[in-house]
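Novice: Quick one: the structure is below, questions incoming.
Number of protein chains: 4
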Amino acid sequence: MFKLPEYTVPDFSKAIFEAAPVVNTVPAPGDGLLPDNFYATTIYPEYFKIGSSWELINAPRMDCAVVVRDGKPYAVEARRVGKDEAVVVGREEDLSNGVFIHYDAFKENNNGRVQSFAFRTGKSRESSYSRDYDQLYDILRHDREHGSIVWVLGPAVAFDFDARRSMSGLIEHGYVDALFAGNALATHDLEAGLFHTGLGQDIYTKELYYNGHYHHLETINRVRCAGSIETFVTQNNLSDSIVASCVRKNVPLVLAGSIRDDGPLPGVIGNVYEAQDAMRRHIMKATTVIALATQLHTIATGNMTPSWQICEGKLRPVYFYTIDISEFAVGKLHDRGSLSVNSIVTNVQDFLINAARSLEVI
Amino acid sequence: MFKLPEYTVPDFSKAIFEAAPVVNTVPAPGDGLLPDNFYATTIYPEYFKIGSSWELINAPRMDCAVVVRDGKPYAVEARRVGKDEAVVVGREEDLSNGVFIHYDAFKENNNGRVQSFAFRTGKSRESSYSRDYDQLYDILRHDREHGSIVWVLGPAVAFDFDARRSMSGLIEHGYVDALFAGNALATHDLEAGLFHTGLGQDIYTKELYYNGHYHHLETINRVRCAGSIETFVTQNNLSDSIVASCVRKNVPLVLAGSIRDDGPLPGVIGNVYEAQDAMRRHIMKATTVIALATQLHTIATGNMTPSWQICEGKLRPVYFYTIDISEFAVGKLHDRGSLSVNSIVTNVQDFLINAARSLEVI
Amino acid sequence: MFKLPEYTVPDFSKAIFEAAPVVNTVPAPGDGLLPDNFYATTIYPEYFKIGSSWELINAPRMDCAVVVRDGKPYAVEARRVGKDEAVVVGREEDLSNGVFIHYDAFKENNNGRVQSFAFRTGKSRESSYSRDYDQLYDILRHDREHGSIVWVLGPAVAFDFDARRSMSGLIEHGYVDALFAGNALATHDLEAGLFHTGLGQDIYTKELYYNGHYHHLETINRVRCAGSIETFVTQNNLSDSIVASCVRKNVPLVLAGSIRDDGPLPGVIGNVYEAQDAMRRHIMKATTVIALATQLHTIATGNMTPSWQICEGKLRPVYFYTIDISEFAVGKLHDRGSLSVNSIVTNVQDFLINAARSLEVI
Amino acid sequence: MFKLPEYTVPDFSKAIFEAAPVVNTVPAPGDGLLPDNFYATTIYPEYFKIGSSWELINAPRMDCAVVVRDGKPYAVEARRVGKDEAVVVGREEDLSNGVFIHYDAFKENNNGRVQSFAFRTGKSRESSYSRDYDQLYDILRHDREHGSIVWVLGPAVAFDFDARRSMSGLIEHGYVDALFAGNALATHDLEAGLFHTGLGQDIYTKELYYNGHYHHLETINRVRCAGSIETFVTQNNLSDSIVASCVRKNVPLVLAGSIRDDGPLPGVIGNVYEAQDAMRRHIMKATTVIALATQLHTIATGNMTPSWQICEGKLRPVYFYTIDISEFAVGKLHDRGSLSVNSIVTNVQDFLINAARSLEVI
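Written out as structure tokens, the structure is:
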């Protein structure tokens, strides 16, 4: 039986905490501007001494400024800091700036299953993944009931018949609470729904269709004519579609725009900073993130995902999996710290088919 | 002596062209919407029979609708087509839709140097690149005087001392007419200018600095406080900087936003479709494009780059080079057709150092 | 129901064949030496006109000389040609040298399932593999009863708990008729049997053992002390072991030496040309070859595997699958011709687990 | 000015060394067999207490047994240990087995240039390599006069015009004291000398030749007819040839056989363990090793290369560089320890051209 590791609450009655000064703040010199020596957040639980109490950061994510609002610390992207807001300064890690970073949040309970998450000596094609799969399935079964699972998908997921079917099955069975992707994933998934192709090539037989290079442009135009993805999905009865499954199951679909986009489809967020905001709204609730075959969206999501979350009233780890066929790609998130990131080097088609079979959704 | 291949002008007096019908157009059903059976452009020179004459496409790029304005055909992204504009329809490739795609534009002159550009059996780490380098240097020397050279850079270019110095040298010596990149390239280049680091690691010694993870956030905040990249560069005397060289030499720098961005720096275009428009304005003049180590920006640029250009009154090829260490990445642009795309599988650091030495800019 | 494609027997009564001359032969100038203009074999069915009849090549493999012995043509590696043997000369492909290469051996029956094997436009991580898997399972079920299945394994297969278990299951259930590997695969598989580690790391938990770097040296020494792999396996009751399953099921295990080897284990063939001979004895019967995650052994096997085989009295295709996580690696065998090579770009762990589940051996 | 780091001789007069017991030895139970609990060597300087003195290992390499002969310790591969030879046993690292591993051999002098060799946090395409190149050139200039430089080459080096020319230049200018490769490198280099092709493709223009697939078989047969590579080279006046330069400059060429080989060429060592012995004879003198684009030969060489060498009477580091386009490949040697391994992720063509230019040999 899978059990979440227990969080070790810091004992702030200790002398070292009592002796520490309160945080220093300096007013932001302008909208979106930070004062000298601003403090920047990490992925760990961080406490800020404000008045006589140590306050846990709100809306955590790394690389943010910390703004004190009504006596509470908030992680805020620099671009969203208002002129004259109180910004925490000081970069020491010895409490002398009134900041405590709780690196060992889950360490004392590090026995049994959780230990492997601390194992971080680099993953390659030759690493053993049996246990990573087993643990992931445990976590997914747990978080389907007691958490929020965010998936981040690259377009390749829509190019294979069984992979697309598996992802659709995971959505239909409740293993997906939000889905992040780009215009391409949605376009090719809908193309597959309309034409059984991805970029004009059959997603099962690999046959190339005559004028198949029109398929994605056609798809985009038809959805644009329908006015929205939801309307289009309702009008067309698409089977095994990732997008259609999201619409049917009311799973939020955040489609972030990129300069590669054709179209775009209606609903794609063209301003990338608004897209970040939309993604972050879901990440603030996420307990597990699974990112497949997209460097851009994976890193974007990784940037805004802390290593912990408060869920059902308890502080718990956030599990972050990256699955990519390239060691280089998975290595990009490697250094985020010990608790939360895990990676599997493989083709995401096989990953999805394995997962769908093991969770019995296909 | 490098010579551009001659363009073969189609002989429209031939019976087959005389017999062809004029193009059919249908009004666009709404802003950004296309009629059924819309025609989509290619990367080749395309002619449209309008009235009794065959008109060469204007503002060429692939995957666009063709709108007839004042009797002239224009390639227009679907999202920019206005309601009721006259959109060309019909997808045949046998002139029966009034469209002639000039696939063989440069073929008859296919002797000597040009031939290798037609060699398209897939590039790998084991392909021979000596001649590709030699040709590229010829083209760059030629197009510095008689063309417009656009570079597309991934952030890795700023992480190495000699690579950054080489790129800066190429800009200073006139080999760069426009530069496309993202927020990260500019940030890390300016970080290197301020701190001699990339993401906190020394770009020469690889030493990790204390609190080095603040360097890029510091850099971004300082530039934001300065108000613009130009002001910041003027205030700080940065040596060997890619960005500073662009500012000094008045080379346009198009920085497209992405969801991975911290900051962003002032001047980064947050809306990706506006960023596409800004990029395309430069691509419309480009005669050579060199894309280094960025899948996102390379494909985005490739999508909007035709295989030909009118320059100094003559229709000539556009040379498109992709340089990346991954066969998979360079293969992504592989299928654009015979004349214009070439790729080199290597580390872009070595590519730049080789190029800078061969062109004697460092 | 899976059906092998029918072989099209050439109609040698046609005038063009009647008119062709007989083959020319020249005596080999020395042991292991070939005369000028020697003919070299391909992977296709090849016929040689000797006397008045067209004789199908015996012991086919590519890049061999053709020696006529007792009126029959044999493919012989140059190093095995004896002085004064009759070696076929002439390199034309127009019958004028008395040679007919039957490129279209299976082409006329190219409908249904077989077609996809002809699809050869390069495989990548983004290719759709659903159908490749389905076909492979069909072939394996067929050839278990009506063929001979050779597996070629890299050492990574032994590093993961489930992958090793899956491979063992395939052997136990009759899906393996011969197994080619190197000293490393056998060593690490036996290490896993003794210590539950691969190179000292637990194959399930990834835990690193104290003095774990001794495990493979210990394993080798113990097997050497036992005198043979067979004796060692009998003495030790190894579960889920690839090597032990081979011993138990009497599956021939050809272990070819390489300069990377520690040890070696008893039974490893230190002379690589003797190892080639040992491998080729099994390939001469193979109807399907599956090569996993080893460039060296895959290419070695590919070099000696023809595209066809005579089995149960019928000429049929040989199916050759390469599975590797690197596009570059699978591309190496890519150009062998249309009928027989297929590749899947993925982690072999997932490949094996998928296969073992689909064939219901675990 | 490049200076080798000083070796810190252990102070064996310290009580801890005085108190340590002498090594225990047990007779080998048979030829090529080791006793229980045998000690295995590392890449570091190791001392064995024999009688009252601490003796430095002779013929060092890792993963060997230690045999005491005439009171001196020798590193001996298990397969070469004779029955009843005295084999050191005990695996503790606390001197209690009479063994001292000198991990910190060069640490105290770790200032200036040498430090970066200790920098081992994984190399990728995005690492900064400027300093690695600069240091390598310093080392090569130094070791050309005061050391022995061994190069290990994969076949890709012979496929490009400028790379082959560069490697040839390095040999001609004294930067190569021994060259390790396989049958393929030699074959394709000689093919390029005869036909200007690699596997039938022009090494400059990439043109495919008619019947070009015969070129390597032709080459092999002609060399076999000549009787030896040396005779063949003398008979044919090959320019820019790696092999011919070795012959002309009397640089030993160790060609190790593999199961992939066609031919083989005369001089290729078919027995891999004899090939290991031949390689090790040169490695015992090597002060710098540079391994390019071959996983097999690089790992084989790495296995037998210690981190130190006695040269000109002084104990000094051995510098080991691996250059490969794949992070996975260079990572394979990554864990050998801090002092000696360095890697560059790039295409070896560019590496060679950079090196040849910087060392002014082309």
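Chains as they are written, first to last, in our numbering: chain A, 1239 to 1600; chain B, 1239 to 1600; chain C, 1239 to 1600; chain D, 1239 to 1600. Ideal Cβ placement from N, Cα and C applies to all residues, glycine included.
(1) Can you name, in chain order, every residue of its own chain whose Cβ lies under 6 Å from the Cβ of valine 1492 of chain B, other than the five neighbours on each side?
(2) Helix or strand or just coil, what does DSSP make of tyrosine 1511 of chain D?
(3) In chain order, which continuous runs of the alpha helix (DSSP H) of length 4 or greater are located wholly inside the stretch 1457 to 1520 of chain D?
(4) Taking only the alpha-carbon atoms, compute the straight-line gap between glutamate 1429 of chain C and isoleucine 1458 of chain C and give it to the nearest angstrom.
(5) Quick check: isoleucine 1561 of chain C and alanine 1594 of chain C, are their CB atoms within less than 8 Å of each other?
(6) Taking CB distances under 8 Å as the criterion, tell me whether glycine 1569 of chain B reaches chain C.
(7) Provide the residue span of the alpha helix (DSSP H) that contains arginine 1379 of chain A, from first to last.
(8) In this structure, does DSSP put phenylalanine 1250 of chain B in helix, strand or coil?
(9) How would you label histidine 1384 of chain C, buried or exposed, when you count the other beta carbons within 10 angstroms and need 16 or more for buried?
(10) Taking C-alpha atoms, which residue in D:Ala1297, D:Val1325, D:Arg1307 lies nearest to glycine 1268 of chain D?
(11) Note down, in chain order, each residue of its chain lying with its Cβ closer than 6 Å to the Cβ of glutamate 1284 of chain B, except the 5 sequence neighbours on either side.
(12) In chain B, what lies closer than 8 Å to valine 1485 of chain A by C-beta?
(13) Less than 8 Å between CB atoms is the rule here; does aspartate 1398 of chain B satisfy it with respect to chain D?
(14) Would you mind telling me which residues of chain C sit closer than 8 Å to serine 1362 of chain B, beta carbon to beta carbon, in chain order?
(15) Considering only C-alpha positions, which residue in the set C:Ser1386, C:Tyr1375, C:Ser1479 is nearest to threonine 1425 of chain C?
(16) State whether the stretch 1395 to 1412 of chain D contacts the stretch 1479 to 1488 of chain D, with contact taken as three or more CB pairs (one from each stretch) at a distance under 8 Å.
(17) Would you kindly work out how many angstroms separate the C-alpha atoms of phenylalanine 1286 of chain B and glutamate 1323 of chain B, rounded to a whole number?
(18) Is phenylalanine 1433 of chain A helix, strand or coil when you go by DSSP?
(19) Specify the secondary structure class of leucine 1391 of chain D as computed by DSSP and reduced to three states.
(20) Identify, in the order they occur along the chain, each residue of the same chain with its Cβ nearer than 8 Å to the Cβ of aspartate 1274 of chain D, setting aside the five sequence neighbours on each side.
(21) Can you find a CB in chain D that lies within less than 8 Å of the CB of phenylalanine 1558 of chain B?
(22) Thinking C-alpha only, which one of B:Asn1262, B:Ser1291, B:Cys1302, B:Pro1502 is nearest threonine 1279 of chain B?
(23) Give the secondary structure of glycine 1450 of chain A by DSSP, where H, G and I count as helix, E and B as strand, and everything else as coil.
(24) Which value, in whole angstroms, describes the spacing of the CA atoms of aspartate 1398 of chain D and tyrosine 1277 of chain C?
(25) Can you look up valine 1586 of chain A in the DSSP assignment and give me helix, strand or coil?
(26) Along the alpha helix (DSSP H) that carries asparagine 1541 of chain D, what are the first and last residues, could you check?
(27) Show which residues of chain B have a CB atom less than 7 Å away from the CB atom of isoleucine 1339 of chain A.
(28) Between A:Met1542, A:Asp1372, A:Ala1316, which lies nearest to arginine 1624 of chain A when the distance is taken from Cα to Cα?
(29) Quickly, what does DSSP pair lysine 1287 of chain C with across the bridge? List them, please.
(30) Along chain C, in chain order, which residues have C-beta atoms closer than 8 Å to that of glycine 1270 of chain D?
(31) Using CA atoms only, rank isn't needed, just tell me which of B:His1535, B:Cys1484, B:Ala1266, B:Lys1241 is closest to histidine 1380 of chain B.
(32) Note the first and the last residue of the continuous beta strand (DSSP E) segment covering glycine 1420 of chain D.
(33) Using CA coordinates, which residue listed in A:Gly1420, A:Asn1488, A:Arg1462 is at the minimum distance from histidine 1411 of chain A?
(34) Apart from the five residues just before and just after glutamate 1331 of chain D, which ones in its own chain have a Cβ nearer than 7 Å to its Cβ?
(35) Can you find a C-beta in chain A that's less than 8 Å from the C-beta of arginine 1519 of chain B?
(36) Does the pairing of the stretch 1360 to 1371 of chain D with the stretch 1308 to 1317 of chain D give three or more beta-carbon distances under 8 Å?
Specialist: Based on what the coordinates show:
(1) In the second sequence, residue 1492 of chain B corresponds to position 254, counting from 1. Hits under 6 Å: Phe1418, Ala1516, Met1517.
(2) On the fourth sequence, residue 1511 of chain D is found 273 positions in, with the first residue counted as 1. DSSP places tyrosine 1511 of chain D in helix when its eight states are reduced to three.
(3) Runs of alpha helix (DSSP H) with 4 or more residues, each lying fully within the stretch 1457 to 1520 of chain D, are found at 1467 to 1473, 1480 to 1486, listed in chain order.
(4) Residue mapping note: residue 1429 of chain C aligns to position 191 of the third sequence, counting from 1. Residue mapping note: residue 1458 of chain C aligns to position 220 of the third sequence, counting from 1. Going by the C-alpha atoms only, they are around 8 Å apart.
(5) Here residue 1561 of chain C refers to the residue found at position 323 when the third sequence is read from its first residue. Here residue 1594 of chain C refers to the residue found at position 356 when the third sequence is read from its first residue. No, Cβ-Cβ distance for isoleucine 1561 of chain C and alanine 1594 of chain C is not below 8 Å.
(6) Counting from one through the second sequence, the residue named residue 1569 of chain B turns up at place 331. It does: the Cβ of glycine 1569 of chain B has a partner Cβ on chain C nearer than 8 Å.
(7) Here residue 1379 of chain A corresponds to residue number 141 of the first sequence, with the count starting at 1. Note, arginine 1379 of chain A: alpha helix (DSSP H), 1368 to 1384.
(8) Looking up residue 1250 of chain B in the second sequence gives position 12. Here phenylalanine 1250 of chain B sits in coil by DSSP.
(9) Residue numbering aside, residue 1384 of chain C sits at position 146 when the third sequence is read from its first letter. Classification for histidine 1384 of chain C: exposed.
(10) Within the fourth sequence, numbered from 1, the residue matching residue 1268 of chain D stands at position 30. Looking only at D:Ala1297, D:Val1325, D:Arg1307, the smallest Cα-Cα distance to glycine 1268 of chain D is reached by D:Val1325.
(11) For the purposes of this step, residue 1284 of chain B is taken as residue 46 along the second sequence, with counting starting at 1. For glutamate 1284 of chain B, where only same-chain residues beyond five positions count, the Cβ hits under 6 Å are Ile1295, Ile1339.
(12) Counting from 1 along the first sequence, the entry for residue 1485 of chain A is found at position 247. By Cβ distance, chain B contributes nothing, its closest Cβ being about 21 Å from valine 1485 of chain A, past 8 Å.
(13) On the second sequence, position 160 is the one that residue 1398 of chain B refers to. Answer yes: the Cβ-Cβ gap between aspartate 1398 of chain B and chain D drops below 8 Å somewhere.
(14) As a working note, residue 1362 of chain B is residue 124 in the second sequence. Result: Phe1566, Gly1569.
(15) Your numbering for residue 1425 of chain C matches position 187 in the third sequence. The candidate whose alpha carbon is nearest that of threonine 1425 of chain C is C:Ser1479.
(16) yes
(17) Here residue 1286 of chain B is taken as the residue at index 48 of the second sequence, counted from 1. Here residue 1323 of chain B is taken as the residue at index 85 of the second sequence, counted from 1. Answer to the nearest angstrom: the Cα atoms are 16 Å apart.
(18) Translated into the one-based positions of the first sequence, residue 1433 of chain A becomes position 195. Here phenylalanine 1433 of chain A sits in helix by DSSP.
(19) For the purposes of this step, residue 1391 of chain D is taken as residue 153 along the fourth sequence, with counting starting at 1. Looking at leucine 1391 of chain D - three-state DSSP - the assignment turns out to be strand.
(20) Within the fourth sequence, numbered from 1, the residue matching residue 1274 of chain D stands at position 36. Cβ within range, chain order: Val1264, Val1327.
(21) For the purposes of this step, residue 1558 of chain B is taken as residue 320 along the second sequence, with counting starting at 1. Chain D, which has no Cβ nearer than 8 Å to the Cβ of phenylalanine 1558 of chain B, makes this no.
(22) Here residue 1279 of chain B refers to the residue found at position 41 of the second sequence. Its Cα nearest to that of threonine 1279 of chain B, the residue B:Cys1302 stands out among B:Asn1262, B:Ser1291, B:Cys1302, B:Pro1502.
(23) Position 212 of the first sequence, counted from the start, is the residue given in the question as residue 1450 of chain A. Correct three-state label for glycine 1450 of chain A: helix.
(24) Sequence index remark: in the fourth sequence, residue 1398 of chain D carries index 160 (1-based). Sequence index remark: in the third sequence, residue 1277 of chain C carries index 39 (1-based). Those two C-alpha atoms are separated by around 28 Å.
(25) The count along the first sequence starts at 1 and reaches residue 1586 of chain A at position 348. Three-state DSSP puts valine 1586 of chain A in a helix.
(26) Here the question's residue 1541 of chain D lines up with position 303 in the fourth sequence. Where asparagine 1541 of chain D is concerned, the enclosing alpha helix (DSSP H) stretches over 1533 to 1541.
(27) Reading the first sequence from its first residue, position 101 is the one you call residue 1339 of chain A. Under the 7 Å cutoff, chain B gives no residues; its nearest Cβ is about 13 Å from isoleucine 1339 of chain A.
(28) Any answer about residue 1624 of chain A is impossible in this case: the structure gives chain A only from 1239 up to 1600.
(29) The sequence position of residue 1287 of chain C within the third sequence is 49, counting from 1. The partner list for lysine 1287 of chain C (beta bridge, DSSP) reads C:Trp1292.
(30) On the fourth sequence, residue 1270 of chain D is found 32 positions in, with the first residue counted as 1. Those within 8 Å of glycine 1270 of chain D in chain C are Arg1462.
(31) The sequence position of residue 1380 of chain B within the second sequence is 142, counting from 1. The residue from B:His1535, B:Cys1484, B:Ala1266, B:Lys1241 with its alpha-carbon nearest to that of histidine 1380 of chain B is B:Lys1241.
(32) Position 182 of the fourth sequence, counted from the first residue, corresponds to residue 1420 of chain D. Element bounds for glycine 1420 of chain D: 1416 to 1420.
(33) In the first sequence, residue 1411 of chain A corresponds to position 173, counting from 1. The candidate whose alpha carbon is nearest that of histidine 1411 of chain A is A:Asn1488.
(34) Residue numbering aside, residue 1331 of chain D sits at position 93 when the fourth sequence is read from its first letter. Excluding sequence neighbours, glutamate 1331 of chain D sits near Ile1339.
(35) Here residue 1519 of chain B refers to the residue found at position 281 when the second sequence is read from its first residue. Answer no: the Cβ-Cβ gap between arginine 1519 of chain B and chain A never drops below 8 Å.
(36) no
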